[in-house]
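Residue numbers (this note's numbering): -2 to 50.
Next comes the structure, spelled out in structure tokens:
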């Protein structure tokens, strides 16, 4: 479990500067992007994703 947490931390850190592709058995399944990149993509700089609505 500690190894998985360390790997996730590294992915999140790298996502601050560029998108991170997540693969499952060699197939791309998801992309992790910074919250700033996400907001830019959806066109809503005030989006409060991750907070209670």
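Where is the CB? At the ideal position from N, CA and C, for every residue including glycine.
Indicate the three-state DSSP secondary structure (helix, strand or coil) for residue 8 in the structure shown.
Within the chain shown, the letter at position 11 stands for residue 8. In the three-state scheme derived from DSSP, where H, G and I count as helix and E and B as strand, residue 8 is classed as helix.
Identify every residue that forms a DSSP beta bridge with residue 46.
Against the chain shown, residue 46 aligns to sequence position 49. According to DSSP, residue 46 bridges with nothing at all.
Determine, using beta carbons only, whether residue 26 and residue 35 come nearer to each other than 9 Å.
Taking the chain shown and counting its residues from 1, the one referred to as residue 26 is at position 29. Taking the chain shown and counting its residues from 1, the one referred to as residue 35 is at position 38. Taking 9 Å as the Cβ cut-off, residue 26 and residue 35 do not qualify as a contacting pair.
Cβ shell of residue 11 (< 8 Å), same chain only, five flanking positions each side left out:
To locate residue 11, count along the chain shown from 1; it is residue 14. For residue 11, same chain residues with a beta-carbon under 8 Å away, outside a window of 5 residues either side, are 17 in chain order.
When the Cα atoms are used, what is the spatial distance from residue 3 to residue 9?
Stepping through the chain shown from its first residue, residue 3 is reached at position 6. Stepping through the chain shown from its first residue, residue 9 is reached at position 12. When rounded, the separation of the alpha-carbon atoms in residue 3 and residue 9 is 10 Å.
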